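Using the numbering used here, read the sequence shown as starting at 353 and increasing by one per residue. Backbone N, C-alpha and C fix where the C-beta goes; we use that ideal spot for every residue, glycine too. All of these numbers come straight from a predicted model, not from anything done at the bench.
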Amino acid sequence: MELGVKLNKNTWAICFAEFFSSFSYFGVLSLLLLFLLQNLQLPQKESYNIVGNFSGVSFISALAGGLIGSRYLSERLCCLLGFIGYTAGYFILINYQASTFLYLGLALIAGGFGLFEPNIQILFGTHFSDASNTKRNFAFIVFYLFNIVGQFLGAVTFVYVNTINLKYVFIAAGIISLVGLVFVIARYQEMMAIETKKIMKSNLFFETSVLILIFVITLYMLIQSNFSALTDSWMMWLLLLAIIAVVFTTSGLLGFNDDEEALPETQAARGNTPVGIFGAFLLFSLSFFTMLQSNVKSLFIMLFFPITIFLIATLAKADKETRKRILSLFLLFFAGLVAVLCLRVCFGLIDLFTKNFVDNVLWGWHIQASLFDASEKLLILLVVVAVIGFIKYFAQRNAPLTSGVLMSFGLLMLALCFGFLAFGITLASSAKISPAWLFLAYLFMAIGELCTIPIVISAIIGLAPREWRGGMMGLKFMVIGIGAYFSDEIGKLITPITGNPTLVTYQHLFLNWMLYTALFTLVFYFVWKSWGYKI
Numbered sequence: 353m354e355l356g357v358k359l360n361k362n363t364w365a366i367c368f369a370e371f372f373s374s375f376s377y378f379g380v381l382s383l384l385l386l387f388l389l390q391n392l393q394l395p396q397k398e399s400y401n402i403v404g405n406f407s408g409v410s411f412i413s414a415l416a417g418g419l420i421g422s423r424y425l426s427e428r429l430c431c432l433l434g435f436i437g438y439t440a441g442y443f444i445l446i447n448y449q450a451s452t453f454l455y456l457g458l459a460l461i462a463g464g465f466g467l468f469e470p471n472i473q474i475l476f477g478t479h480f481s482d483a484s485n486t487k488r489n490f491a492f493i494v495f496y497l498f499n500i501v502g503q504f505l506g507a508v509t510f511v512y513v514n515t516i517n518l519k520y521v522f523i524a525a526g527i528i529s530l531v532g533l534v535f536v537i538a539r540y541q542e543m544m545a546i547e548t549k550k551i552m553k554s555n556l557f558f559e560t561s562v563l564i565l566i567f568v569i570t571l572y573m574l575i576q577s578n579f580s581a582l583t584d585s586w587m588m589w590l591l592l593l594a595i596i597a598v599v600f601t602t603s604g605l606l607g608f609n610d611d612e613e614a615l616p617e618t619q620a621a622r623g624n625t626p627v628g629i630f631g632a633f634l635l636f637s638l639s640f641f642t643m644l645q646s647n648v649k650s651l652f653i654m655l656f657f658p659i660t661i662f663l664i665a666t667l668a669k670a671d672k673e674t675r676k677r678i679l680s681l682f683l684l685f686f687a688g689l690v691a692v693l694c695l696r697v698c699f700g701l702i703d704l705f706t707k708n709f710v711d712n713v714l715w716g717w718h719i720q721a722s723l724f725d726a727s728e729k730l731l732i733l734l735v736v737v738a739v740i741g742f743i744k745y746f747a748q749r750n751a752p753l754t755s756g757v758l759m760s761f762g763l764l765m766l767a768l769c770f771g772f773l774a775f776g777i778t779l780a781s782s783a784k785i786s787p788a789w790l791f792l793a794y795l796f797m798a799i800g801e802l803c804t805i806p807i808v809i810s811a812i813i814g815l816a817p818r819e820w821r822g823g824m825m826g827l828k829f830m831v832i833g834i835g836a837y838f839s840d841e842i843g844k845l846i847t848p849i850t851g852n853p854t855l856v857t858y859q860h861l862f863l864n865w866m867l868y869t870a871l872f873t874l875v876f877y878f879v880w881k882s883w884g885y886k887i
């Protein structure tokens, strides 16, 4: 059957750019912890902190990258700068023996992720701004497939390359990223957004975001350095004065005025390019500083409160329709947070569960443990046509599924994922369960992932006004980061309580997660239904 959406050469170019990005980024990420533990022989706690900080910095960078792309630079230019950061970071990691190069390489990759990911998604979405909700959901499911294929092939390829020589992993990632950079440059014109770019008129959201970002960065650096030698350095104070000077001298370029003029993308971005480039430089600098300090949690906390305050202030001054759209997005973000929690906790629990309590022989065939981990990505590729057919079935009968209904369905599938594992344990006749139950759980997890994560991205394009999209896309990545953080904290809480877990212990854990997820799904569905937004 047809996928229900046709991609033109512009959108195909964007999808392949996403593929190159996810191939290199997630391929390296899949081996990063193992690399730190075995090759650098770092303590386990320090290794986990570095990986956690790297992921956290990537998500925080996406918030700044989304604002830079939508306000100061074009989305295409941010994607180009992102690939430059990727490529430089991977090649610098070749000299991983020096800690400075290790942190610098990871910071460039995280900053590149922040500039590339939110803007490539916005760039893709602009081609479907006027499409129906169903077609836009189809388009983003297809786009998400390129990300999944990149993740899967990157992990498989780099695991094999790592058996030859670790340095070849970073060389291979750099080459793939370089190919992606050349591809973006070659297809730069074809990746242009089809919407008219505007010099946005003054509003509290963007004015406050710029000023608060600088304030938080300054305060964060001071607190993290504990007012030590860094605060005594005249270079540090000179840097802060330079930041303040740039903000005030370029206030005209920041667009803090009441003029709003529709211009082509290249003309609109030209006036704000110096500020955007400076913002990108500041983003890479913050990433490097945070990686050195190894404490991204405090930055998350410091960003949460100012973001909340100016979002509330901005919504209070927005018109009723905009306010309803943004609040609808917040509802979907909350559901997305639960989906990320389920996916991350599920993967964490299943990984430990598989090693100890899943039989690796199915119908006489011996199954490698690594195949279990890869099966969810493979199942996504297998069930995508069925998921699109399911959505299309209702659309053809004039009963299209809204974003909230699809999110509810996806969360229900994630709840069933836990349920099948618990049921499999109940039917187990020995100390281990059949791998068939594990594959069944992964099947429902794949359906749940396809009906949640791409739908949130699609809803941002459908609900957020043009000038809000960069900030909302960045907030989506922050939500994913928060979900990842809390899932790790939940994992830490589970471990000491269970001690040496048994099958019964895991059965209780799976049942509890199923019940909590199903209960949240029920509440979310009725809240969304009463909210009454048909998108």
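Within 10 angstroms of its Cβ, does residue i collect 16 or more other Cβ (buried), or is it exposed?
i: Ile537; result: exposed
i: Ile812; result: buried
i: Leu445; result: buried
i: Ile807; result: buried
i: Glu370; result: buried
i: Trp512; result: Note that residue 512 corresponds to Tyr in the displayed sequence, not to Trp. That one is exposed.
i: Gly607; result: Its pLDDT being 38, under 50, Gly607 is placed unreliably by the model, and the measurement read from it follows with that caveat. Flag for Gly607 reads buried.
i: Lys881; result: exposed
i: Ile832; result: buried
i: Ile661; result: exposed
i: Thr478; result: buried
i: Phe878; result: exposed
i: Gln393; result: exposed
i: Val736; result: buried
i: Ser810; result: buried
i: Ser760; result: buried
Compare the Cα-Cα distances from residue i to each of the options and report the closest residue.
i: Phe490; options: Thr754, Leu827, Ala836 and Ala780; result: Thr754
i: Gly800; options: Thr857, Val690 and Leu425; result: Val690
i: Met643; options: Asn391, Ser413, Lys358 and Leu874; result: Ser413
i: Tyr438; options: Gly463, Gly418 and Thr674; result: Gly463
i: Phe876; options: Ala365, Glu370, Leu684 and Arg675; result: Leu684
i: Gly417; options: Gly404, Asn405 and Leu432; result: Leu432
i: Leu731; options: Leu456, Tyr512, Thr515 and Leu497; result: Leu497
i: Ile785; options: Ala793, Thr857, Gly776 and Phe791; result: Gly776
i: Thr873; options: Thr804, Val831 and Gly835; result: Thr804
i: Thr706; options: Tyr858, Thr778, Ser484 and Leu467; result: Tyr858
i: Leu381; options: Ala665, Ser484, Tyr400 and Arg749; result: Tyr400
i: Leu415; options: Leu383, Ile659 and Arg677; result: Ile659
i: Leu855; options: Arg818, Ala783, Leu359 and Leu802; result: Ala783
i: Leu467; options: Leu429, Gln503, Leu456 and Ala524; result: Leu429
i: Tyr540; options: Leu634, Leu792, Thr869 and Trp364; result: Trp364
i: Cys698; options: Thr869, Phe372, Ala525 and Ala665; result: Thr869
Quick one: is residue i near chain D, going by C-beta distance under 8 Å?
i: Asp671; result: No chain D appears in this structure, which consists of one protein chain only.
Please go through the same chain and pick out, in chain order, the residues whose beta-carbon is closer than 6 Å to the beta-carbon of residue i, but skip the five residues on each side of it.
i: Leu533; result: Phe435 and Thr439
i: Asn391; result: Leu518
i: Asn447; result: Phe453
i: Leu779; result: none
i: Gly756; result: Trp880
Just to confirm my understanding: we take residue i, look at its own chain, exclude 5 residues before and 5 after, and list those with CB closer than 8 Å. What are they?
i: Thr486; result: Gly356, Ile743, Lys744, Ala747, Pro752 and Leu753
i: Gly604; result: Note that Gly604 scores a pLDDT of 41, beneath 50, so its modelled location is shaky; the value from the coordinates is reported in the next line. Excluding sequence neighbours, Gly604 sits near nothing in its chain.
i: Ala670; result: Ile678
By Cβ distance, which residues of its chain are closer than 7 Å to residue i, with the 5 residues on each side in sequence left out?
i: Leu768; result: Phe796
i: Gly822; result: Gly418, Leu419, Gly421, Ser422, Arg423, Pro470 and Ile474
i: Phe838; result: Leu693
i: Leu505; result: Phe375
i: Leu460; result: Gly437, Ala440, Gly441, Ile444 and Phe636
i: Met866; result: Ala767, Phe770, Gly771 and Ala774
i: Glu427; result: Gly421, Asn471, Ile474, Leu475 and Ala545
i: Lys397; result: none
i: Leu667; result: Arg675 and Ile678
i: Ser639; result: Val409, Ser413, Ala459, Ala462 and Gly463
Whole-angstrom Cβ separation of residue i and residue j, contact assumed at under 8 Å?
i: Leu863; j: Ala774; result: 5 Å
i: Phe368; j: Phe535; result: 6 Å
i: Leu763; j: Ala687; result: 6 Å
i: Val308; j: Gly408; result: Look at the range of the chain in this structure, 353 to 887, and you will see that residue 308 is not part of it.
i: Ile528; j: Lys729; result: Rounded, the Cβ-Cβ distance is 18 Å, inconsistent with contact.
i: Leu815; j: Ser680; result: 6 Å
i: Leu386; j: Val403; result: That pair is no contact at about 10 Å.
i: Leu383; j: Val521; result: 6 Å
i: Arg749; j: Ala836; result: Actually they are not in contact, since the Cβ atoms of Arg749 and Ala836 sit about 38 Å apart, beyond 8 Å.
Tell me whether residue i, by its Cβ, gets closer than 7 Å to a heavy atom of the ligand GDP.
i: Gly437; result: Annotation note on the ligand GDP: not contained in the displayed structure, which lists no ligands.
**OP:** Pick out the complete alpha helix (DSSP H) segments inside the stretch 413 to 473, 4 residues or longer, and give them in chain order.
**Re:** 427 to 444
**OP:** Could I get the ranges of all uninterrupted alpha helix (DSSP H) runs contained in the stretch 746 to 787, with 4 residues as the minimum, in chain order?
**Re:** 755 to 779
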